[in-house]
Amino acid sequence: MTKIISSLILLLLLNTQAWGTPHHGLSLYGPQDLKYKSGQSYDYANPNAPKGGSLVLSDFGAFTKLNPASLKGVIAPGIGQLVFQTPMDSSADDEEPFSQYGNLVEKVELAEDRLSMTYYLYKQARFSDGHPLTADDFIFSFNLIQDLEYHPIYKEYFKDIKSIEKIDAHTVRYHFAHYNQELPLITGQMLIYPQHIYGAEGKSFGSDFDDIAVASGPYTIEKYEYGKYITYKRNPNWWGKDLPVNKGRYNFDRITYKIYLDPVAQREAFKGGEFDMQLINSSRDWALDYKGDFVKKGYYLRGEFPHKRVAGMQGFAMNMRHKIFQSRKVRAAVAMAFDFEWSNKNLFYGQYTRNECYFDNNPEMKPQGLPQAEVKAILLKLREKHKSHVPKTALTKPVGAPGQGQSSARNLQVANALLDSAGWKVGSDGIRTQGQERMKFELLLASPAFQRIAEPYKNNLKKIGIQLDIRVVQIAEYEERLRNFKFGMIVASYPQSRSPGNEQRYMWGSEAADMPGTRNYMGIKNPALDELIEKIIKAATRKELVVNIQALDRILTHQFYMVSHWYIAYDRAVYWNKFNHAKINPSQHSIASNILEWWWWDNEKAQKLKNARKQGSSLH
Numbered sequence: 000m001t002k003i004i005s006s007l008i009l010l011l012l013l014n015t016q017a018w019g020t021p022h023h024g025l026s027l028y029g030p031q032d033l034k035y036k037s038g039q040s041y042d043y044a045n046p047n048a049p050k051g052g053s054l055v056l057s058d059f060g061a062f063t064k065l066n067p068a069s070l071k072g073v074i075a076p077g078i079g080q081l082v083f084q085t086p087m088d089s090s091a092d093d094e095e096p097f098s099q100y101g102n103l104v105e106k107v108e109l110a111e112d113r114l115s116m117t118y119y120l121y122k123q124a125r126f127s128d129g130h131p132l133t134a135d136d137f138i139f140s141f142n143l144i145q146d147l148e149y150h151p152i153y154k155e156y157f158k159d160i161k162s163i164e165k166i167d168a169h170t171v172r173y174h175f176a177h178y179n180q181e182l183p184l185i186t187g188q189m190l191i192y193p194q195h196i197y198g199a200e201g202k203s204f205g206s207d208f209d210d211i212a213v214a215s216g217p218y219t220i221e222k223y224e225y226g227k228y229i230t231y232k233r234n235p236n237w238w239g240k241d242l243p244v245n246k247g248r249y250n251f252d253r254i255t256y257k258i259y260l261d262p263v264a265q266r267e268a269f270k271g272g273e274f275d276m277q278l279i280n281s282s283r284d285w286a287l288d289y290k291g292d293f294v295k296k297g298y299y300l301r302g303e304f305p306h307k308r309v310a311g312m313q314g315f316a317m318n319m320r321h322k323i324f325q326s327r328k329v330r331a332a333v334a335m336a337f338d339f340e341w342s343n344k345n346l347f348y349g350q351y352t353r354n355e356c357y358f359d360n361n362p363e364m365k366p367q368g369l370p371q372a373e374v375k376a377i378l379l380k381l382r383e384k385h386k387s388h389v390p391k392t393a394l395t396k397p398v399g400a401p402g403q404g405q406s407s408a409r410n411l412q413v414a415n416a417l418l419d420s421a422g423w424k425v426g427s428d429g430i431r432t433q434g435q436e437r438m439k440f441e442l443l444l445a446s447p448a449f450q451r452i453a454e455p456y457k458n459n460l461k462k463i464g465i466q467l468d469i470r471v472v473q474i475a476e477y478e479e480r481l482r483n484f485k486f487g488m489i490v491a492s493y494p495q496s497r498s499p500g501n502e503q504r505y506m507w508g509s510e511a512a513d514m515p516g517t518r519n520y521m522g523i524k525n526p527a528l529d530e531l532i533e534k535i536i537k538a539a540t541r542k543e544l545v546v547n548i549q550a551l552d553r554i555l556t557h558q559f560y561m562v563s564h565w566y567i568a569y570d571r572a573v574y575w576n577k578f579n580h581a582k583i584n585p586s587q588h589s590i591a592s593n594i595l596e597w598w599w600w601d602n603e604k605a606q607k608l609k610n611a612r613k614q615g616s617s618l619h
């Protein structure tokens, strides 16, 4: 604690401006790091963007509720972004690792010891039904997190906020359990619910509000039908339309999501003009599809949007709640059976880069070579305390997938040796056994799109005595099984930001392993990771944050919890040629999010497209 306080004092002395006075925004290391001044709009906005027109998007899998924070059910797409508001707005500017500006909050005052924070709310803030938004709604929303039907991810994320007090009708003060560099900014991401709606006496938060979405955001729900569509209507009287953070934002009069249950039908629906934009996640589709007559005539466009986001990790996640995955040797063997080089050449058209660790695509955070200096010291100390939880290879080998750079034949040979040494013997049918346990598990998928990738992997696993069954289920069943960890293996994605913090708890923390609904899909219970997570959360300087992230990354990577997949440093999208956008693409958000919030309808383009389609002529 003495070290933390000393670091904090030094940090405050270095700041050209100190906390302890009200500001229009927050940043990790002091108000002098805020890029935008009070009243200034974002560089990636067009403050003069016209309002009007409509945007039609698609979503895969049926939604079952309109409540964004309840535990059960599948949330309707767009709700959290369009209908609800958070106290602060996170900048997507590439130059700001983690900065926020007032959204429901006009000014924010962070105490010099960073153990409390005061919000001064906009007095003109209103919910969509006209009811004033006040301090009571902030207090209600904070207390609501303790409801048993509130999603546990948020409980974990906000758990270090100790209490909230009402100063007056438009002022609240949060108190924090301990010093945490990121916690004041995390607080700014809390959804604010109207107490007069969701606090109704005798109502259940998790079941009585599936059909209700009343909040203070720019859109209201105009109409919807479960399993088919949902349409949002821009609120012309939205209280926040003139705030600096919202200049040039939320430009479409209507936004509709159409629901598809089959990816082929979804793809063909886009080509037929049933919706306006499709984010392309399939390398095959990008390489071979969306190149027909309509593209040649300029009716819809193919766009590659480079980004600087941390790649995070995507891969086949192994559920260690199952006995067969509790052995590190087994997990390494399962990982070595995946032939990325073959897949990239034959399935992905050479578009992807292999995930080597959990913080790829960022030279500052990604561990390079062997651990040195502070990172090495951290790992040595942790290995001394928790030897079985910190693999020796975390100190002696760089990050990377096991067997990376070796031939598939060599990797399968090593994988067989690992399984032999782990006590799994090949049976008469070619499947390994250990006592009464067969080396068999199920890969659970929510979409058949991944089957073409999983089948070659299944064949390789069979060569080392492992039976993989691939099962595709409807999204509702998938979400339910995911929530309760009822699977052997899934395809999991762990996005990361340039400012990791509390969210690491519900990804890798031991407590999250037994908490339904968290993202600790693998069931990790590693005390060394628990220690590092707390150090990351409490880091007082950027350097302290980065060295602990690199130590955490090395342990995660060398424990082989996942069969690492791939990443790509740009977003791929196809969209109909009737929109316009600012020159700067804020790449810290996905292109799908940017189209939703920052693009606008272009009447001239839309009319030209309509005429060209009618006549069959080209737009070029």
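To convert, note that position 459 of the sequence shown is 458 in numbering that gives the first Met the number 0; the numbers rise steadily by one, no gaps.
No residue lacks a Cβ here, since even glycine has one placed at the ideal position from N, Cα and C.
Inter-residue spacing [alpha-carbon to alpha-carbon] between residue i and residue j
| i | j | result |
| --- | --- | --- |
| G24 | V107 | 7 Å |
| I523 | I211 | 36 Å |
| E159 | W507 | Strictly speaking, residue 159 in this sequence is Asp, with Glu absent from that position. D159 and W507: Cα-Cα distance of roughly 17 Å. |
| W598 | V55 | 13 Å |
| A591 | L278 | 7 Å |
| T186 | P86 | 8 Å |
| S403 | A568 | The sequence given here has Gln at residue 403, not Ser. Q403 and A568: Cα-Cα distance of roughly 20 Å. |
| N360 | V309 | 5 Å |
| I4 | M276 | With a pLDDT of only 38 at I4, under 50, the local geometry of the prediction cannot be trusted, and the value read off the model is given with reservation. Taking the straight line joining both Cα atoms gives about 50 Å. |
| K457 | A61 | 29 Å |
| A316 | I452 | 15 Å |
| S282 | L114 | 47 Å |
| N250 | A581 | 13 Å |
| A264 | M364 | 40 Å |
| E224 | S498 | 38 Å |
| V104 | T133 | 11 Å |
| K604 | W575 | 10 Å |
| L11 | I536 | Residue confidence for L11 is low, a pLDDT of 38 falling below 50, so the modelled location carries little weight; the figure read from the coordinates is stated next. Whole-angstrom Cα-Cα distance: 18 Å. |
| N459 | E340 | 13 Å |
Beta-carbon proximity of residue i to residue j, cut-off 8 Å
| i | j | result |
| --- | --- | --- |
| G51 | W600 | yes |
| F141 | K161 | no |
| H564 | N354 | yes |
| Q587 | D32 | no |
| Y228 | I254 | no |
| Y43 | N584 | yes |
| H22 | G516 | no |
| G201 | F139 | no |
| N525 | K534 | no |
| D338 | S446 | no |
| Q194 | D135 | yes |
| F97 | S26 | yes |
Cβ neighbours of residue i in the same chain (closer than 7 Å, five flanking residues each side left out)
| i | result |
| --- | --- |
| L378 | P370, V389, A393, L394, A550, R553 |
| D88 | Q99, Y100, N102, V244 |
| D513 | none |
| R431 | L418, W423, K424, V425, M438, G464, I465 |
| G314 | N354, A491, M561, V562, S563, H564 |
| A332 | A414, L417, L418, I463 |
| G399 | E355 |
Close beta carbons around residue i, own chain, < 8 Å, minus the five adjacent residues each side
| i | result |
| --- | --- |
| G79 | P67, L190 |
| F293 | K270, Y299 |
Integer Cβ distance of residue i from residue j, believed to fall under 8 Å
| i | j | result |
| --- | --- | --- |
| Q84 | G216 | 5 Å |
| S90 | G205 | Their Cβ separation, rounded to whole angstroms, is 33 Å, which puts S90 and G205 out of contact at 8 Å. |
| M488 | L442 | 5 Å |
| A414 | M335 | 4 Å |
| Y351 | G311 | Not a contact, Cβ separation roughly 14 Å. |
| Y289 | V573 | 5 Å |
| Y118 | T170 | 7 Å |
| E502 | Y156 | 6 Å |
| V82 | Y218 | 6 Å |
Same chain only: Cβ atoms within 6 Å of residue i, ignoring 5 sequence neighbours per side
| i | result |
| --- | --- |
| N602 | none |
| G239 | N245 |
| A611 | L618 |
| Q325 | M319 |
| T556 | C356, V398 |
Residue i: CB within 7 Å of a non-hydrogen atom of the ligand ATP
| i | result |
| --- | --- |
| Q549 | The ligand content of the structure shown is nil, which means the ligand ATP is not present either. |
Fill in: Runs of alpha helix (DSSP H) lying entirely within the stretch 167–204, each at least 4 residues, in chain order
Whole alpha helix (DSSP H) segments, 4+ residues: 182–186, 194–197.
Item to complete: Quick one: which unbroken alpha helix (DSSP H) runs of 4-plus residues sit fully inside the stretch 196–252? Chain order, please.
Response: Whole alpha helix (DSSP H) segments, 4+ residues: zero.
Practice prompt. Within the stretch 437–500, note down every full alpha helix (DSSP H) run reaching 4 residues or more, in order along the chain.
Written response: Counting only unbroken stretches of 4 or more residues, the alpha helix (DSSP H) elements lying wholly within the stretch 437–500 are 450–462, 474–482, in sequence order.
Worksheet item: Can you list the alpha helix (DSSP H) stretches of 4 or more residues lying completely in the stretch 543–612, in chain order?
Response: Within the stretch 543–612, the complete alpha helix (DSSP H) runs of at least 4 residues are 590–597.
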